[in-house]
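Down below is the structure, laid out as structure tokens.
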Amino acid sequence: MKKSRFSYIVGALFILVVLAIILFRPLPILFYEGLPFIPFLKRAFYILIFSCILCLYRIFKGPTSADRAVTIDMLGVLIVGFCAIIGISTGRSWYIDIAIAWALQSFIATLALAKFLEGKSFDD
Amino acid sequence: MKSKIVLFILANFIWILLNWIPDSQHLLIGLLVSLVVVCLTGDLFVKRVHLFNHPVRYLWFLYYIPVFIWECFKANIDVAYRVIHPDLPIHPGIVKVKTALRSDTAITFLANSITLTPGTLSVDVDKENGFLYVHWIEVKNKNVDKATELIVARFESILKRIFE
Amino acid sequence: MINIIGIVFISIGLFFDFVGCLGLVRLPDVYNRLQASTKCITLGTCSILFGAFIIHGFEAAGIKALLCMVFLILTSPVSAHALARGAHKSGVKLWSKSVVDKYAEDGN
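Chains as they are written, first to last, in my numbering: chain B, 1353 to 1476; chain D, 55 to 218; chain U, 105 to 212.
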């Protein structure tokens, strides 16, 4: 019990430090001029990148292969959100096309991974 | 034949949405491509065409959407509370519930709704006997009937009116 | 005004994405992780796409964002279901403090 409380406090402090970095050092990327909310979007990327880093931690640590399959599925859905935000911030609408294609593709990939976990061949 | 017509209309609708503000060339290519798709798939996609004839079903479907969105939002608040709480207040387990729905589409929609509502995730379907195996993050009752009342009952009455 | 509403939706989506990934790290078991991450990340990404729809309006990009939202809501529970079934068949045990496992009792 003591140990879990300690690790919770360490994790919360780590997240607070990252949020402070997000607030005070926005991402230096060229953006589409003419939008009134560019400072917000510069910080939105940081949160998605940090979520992806948490997912990569689970892929690195995961005890079974099922954990890794779950995380790969979730990374696919996160990248759809990434594409939507890039599409808003650069003003190029074809990023949404990439989002649709990525959603369908990652769905099929996840079904194939699930079949593989189940121990069947791909025919049945 | 009727199912092919329904599939043709659906494919054209999605094509028009995909390149919005359609002009004549896009529409022509869409018609050709959806003809090829209809010839290839045939009756696989829409099996019971007579369901599309009743306007009452569309109204119940429109009622189902806000119920679903509200349950989904509650589920997210619930999961966020459980994840952020320091002690992780979870008592997980896999319970068995029974359903009265029989058709494929209805069971698929029921399993999807169970997955996106508070604390539950459907693991497997036993279609012959009408049982669903549900992973529950906070098991309140192990009994089959009580669990059915708590999990399935709020969607089953609506879905029965839409798909059966 | 429309931009502000869109930004509110995008920030709700970012919060839920982050909570979902945190649940992926904190929870003790494949099935619990699958629950938290499926619900939170699906609704978070759908909320981001809805914000994109509100900011773009009824143009090409906005309608594509709505379509992508519908695809995600239809497909992601199915893939979660398939992954849970595959994990159980491949022999992943439930968490040691789990209450009941009717699926293993019925001999699947």
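Even glycine gets a Cβ: it sits at the ideal position worked out from N, Cα and C.
Closer than 8 Å to chain U by CB, residue i
i: SER1455/B; result: For the record, residue 1455/B in the displayed sequence is Ala; it is not Ser. So, interface residue.
i: VAL1370/B; result: no
i: PRO76/D; result: no
i: ILE1374/B; result: no
i: THR95/D; result: no
i: ASN197/D; result: no
i: SER1441/B; result: no
i: PHE1459/B; result: yes
i: ILE1401/B; result: no
i: VAL206/D; result: no
i: ILE1390/B; result: no
i: VAL60/D; result: no
i: PHE121/D; result: Here residue 121/D is Val; the residue named in the question, Phe, does not match the sequence. Answer no: the Cβ-Cβ gap between VAL121/D and chain U never drops below 8 Å.
i: LEU213/D; result: no
Whole-angstrom distance between residue j and residue i, CA atom to CA atom
i: GLU1470/B; j: LEU147/U; result: 27 Å
i: GLN1457/B; j: LEU1463/B; result: 10 Å
i: LEU186/D; j: ILE1450/B; result: 36 Å
i: ASP1476/B; j: ILE1374/B; result: Confidence is the limiting factor: at ASP1476/B the pLDDT is only 49, short of 50, which leaves the residue's position unreliable, though a coordinate-based value still follows. Those two C-alpha atoms are separated by around 48 Å.
i: GLY155/U; j: ILE1460/B; result: 26 Å
i: THR153/D; j: THR174/D; result: 15 Å
i: LEU118/U; j: THR179/U; result: 21 Å
i: THR162/D; j: HIS189/D; result: 16 Å
i: TYR1360/B; j: PRO140/D; result: 7 Å
i: CYS1404/B; j: ASP1425/B; result: 12 Å
i: VAL221/U; j: ILE1399/B; result: Outside the displayed span of chain U (105 to 212) sits residue 221/U, for which this structure offers no information.
i: HIS145/D; j: ASN136/U; result: 10 Å
i: SER1417/B; j: GLY1428/B; result: 17 Å
i: TRP124/D; j: ARG1444/B; result: 33 Å
i: LYS1394/B; j: ARG208/D; result: 42 Å
i: ILE1437/B; j: PHE120/U; result: 15 Å
i: MET105/U; j: ILE158/U; result: 11 Å
i: ALA1421/B; j: GLU218/D; result: 35 Å
i: HIS196/U; j: ILE1440/B; result: The sequence given here places Val at residue 196/U; His does not occur at that position. Each residue's alpha carbon lies about 41 Å from the other.
i: LEU64/D; j: PHE175/U; result: 14 Å
i: LEU170/U; j: ARG1357/B; result: 42 Å
i: ASN195/D; j: PHE99/D; result: 38 Å
i: ALA184/U; j: SER141/U; result: 10 Å
i: ILE1452/B; j: ASN197/D; result: 42 Å
Interface flag, residue i vs chain B, CB-CB below 8 Å
i: LEU128/U; result: yes
i: GLY117/U; result: yes
i: GLY190/U; result: yes
i: PHE120/U; result: no
i: GLY148/U; result: yes
Partner residues on chain B for residue i, Cβ-Cβ distance less than 9 Å
i: PRO140/D; result: SER1356, ARG1357, TYR1360, ILE1361 and ALA1364
Closer than 8 Å to chain C by CB, residue i
i: PHE154/U; result: Of the protein chains in this structure, namely B, D and U, none is chain C.
Interface partners of residue i on chain U, CB under 7 Å
i: ARG1420/B; result: In chain order: nothing, as chain U lies at least about 10 Å away.
i: PHE1412/B; result: Ordered by position in chain U, no residue passes the 7 Å Cβ test against PHE1412/B, which lies about 11 Å from the chain.
i: LEU105/D; result: The premise fails here: LEU105/D is roughly 18 Å from chain U at the closest Cβ pair, so nothing lies under 7 Å.
i: VAL110/D; result: Result: empty, since nearest Cβ-Cβ is about 23 Å, beyond 7 Å.
Proximal chain D residues relative to residue i, where beta-carbon distance stays under 7 Å
i: ASN136/U; result: ILE144, PRO146 and ILE191
i: LYS143/U; result: ALA129, ASN130, VAL133 and LEU170
i: ASP133/U; result: PRO146
i: VAL196/U; result: By Cβ distance, chain D contributes nothing, its closest Cβ being about 12 Å from VAL196/U, past 7 Å.
Contact list for residue i against chain U, beta-carbon separation under 8 Å
i: ILE1452/B; result: LYS168, LEU171, CYS172 and PHE175
i: ILE1438/B; result: Near ILE1438/B there are no residues of chain U at all, since even the closest Cβ is about 10 Å away, more than 8 Å.
i: VAL177/D; result: TYR135, HIS185, ALA188, ARG189, HIS192 and TYR207
i: VAL91/D; result: What VAL91/D touches in chain U: nothing, since even the nearest Cβ is about 17 Å away.
Integer-rounded CB distance, given that residue j should sit under 8 Å from residue i
i: ARG1410/B; j: LEU198/U; result: Contact flag wrong, Cβ pair sits at about 18 Å.
i: VAL1432/B; j: CYS125/U; result: About 14 Å separates the two Cβ atoms, so there is no contact after all.
i: ALA129/D; j: THR171/D; result: 5 Å
i: ALA191/U; j: VAL134/U; result: 5 Å
Beta-carbon neighbours of residue i, restricted to chain B and to distances below 8 Å
i: LEU187/U; result: ALA1418, ALA1421, VAL1422, ASP1425, THR1462, LEU1465, ALA1466 and LEU1469
Residues that residue i contacts on chain D, provided the C-beta gap is smaller than 9 Å
i: SER202/U; result: HIS145, PRO146, GLY147, ILE148 and VAL193
Minimum Cβ-Cβ distance from residue i to chain D less than 8 Å
i: VAL55/U; result: Beyond the ends of chain U as shown, which are 105 and 212, falls residue 55/U; an answer cannot be given.
i: ASP1476/B; result: With a pLDDT of 49 at ASP1476/B, under the threshold of 50, the predicted position of this residue should be treated as unreliable, though the coordinate-derived value follows. Judged by the 8 Å Cβ criterion, ASP1476/B is not in contact with chain D.
i: VAL123/U; result: yes
Proximal residues of chain U, C-beta to C-beta of residue i below 9 Å
i: ALA165/D; result: PRO181, VAL182 and HIS185
i: VAL87/D; result: Correct list: empty, because the minimum Cβ distance to chain U is about 17 Å.
i: LEU155/D; result: The contacting residues do not exist; LEU155/D stays about 16 Å from chain U at best.
Quiz item: Counting pairs of Cβ atoms below 8 Å between the stretch 145-160 of chain U and the stretch 112-129 of chain U, do you hit three or more?
Solution: They touch, by the three-pair rule.
Exercise. Check whether the stretch 178-197 of chain D touches the stretch 146-163 of chain D, taking contact to mean three or more Cβ pairs, one atom from each stretch, closer than 8 Å.
Key: Yes, since at least three Cβ pairs between the stretch 178-197 of chain D and the stretch 146-163 of chain D fall closer than 8 Å, the two stretches touch.
Practice problem: Determine contact between the stretch 206-217 of chain D and the stretch 112-123 of chain D, defined as no fewer than three beta-carbon pairs at a distance below 8 Å. | Solution: Contact holds: three or more Cβ-Cβ distances are below 8 Å.
Quiz item: Are the stretch 161-172 of chain U and the stretch 70-77 of chain D touching, with three or more C-beta to C-beta distances below 8 Å?
Solution: Counting Cβ pairs under 8 Å, three or more are found: they touch.
Quiz item: Can at least three beta-carbon pairs, one atom from the stretch 139-153 of chain D and one from the stretch 99-106 of chain D, be found at a separation below 8 Å?
Solution: In the pairwise beta carbon analysis, the stretch 139-153 of chain D is classified as not touching the stretch 99-106 of chain D: fewer than three pairs are separated by under 8 Å.
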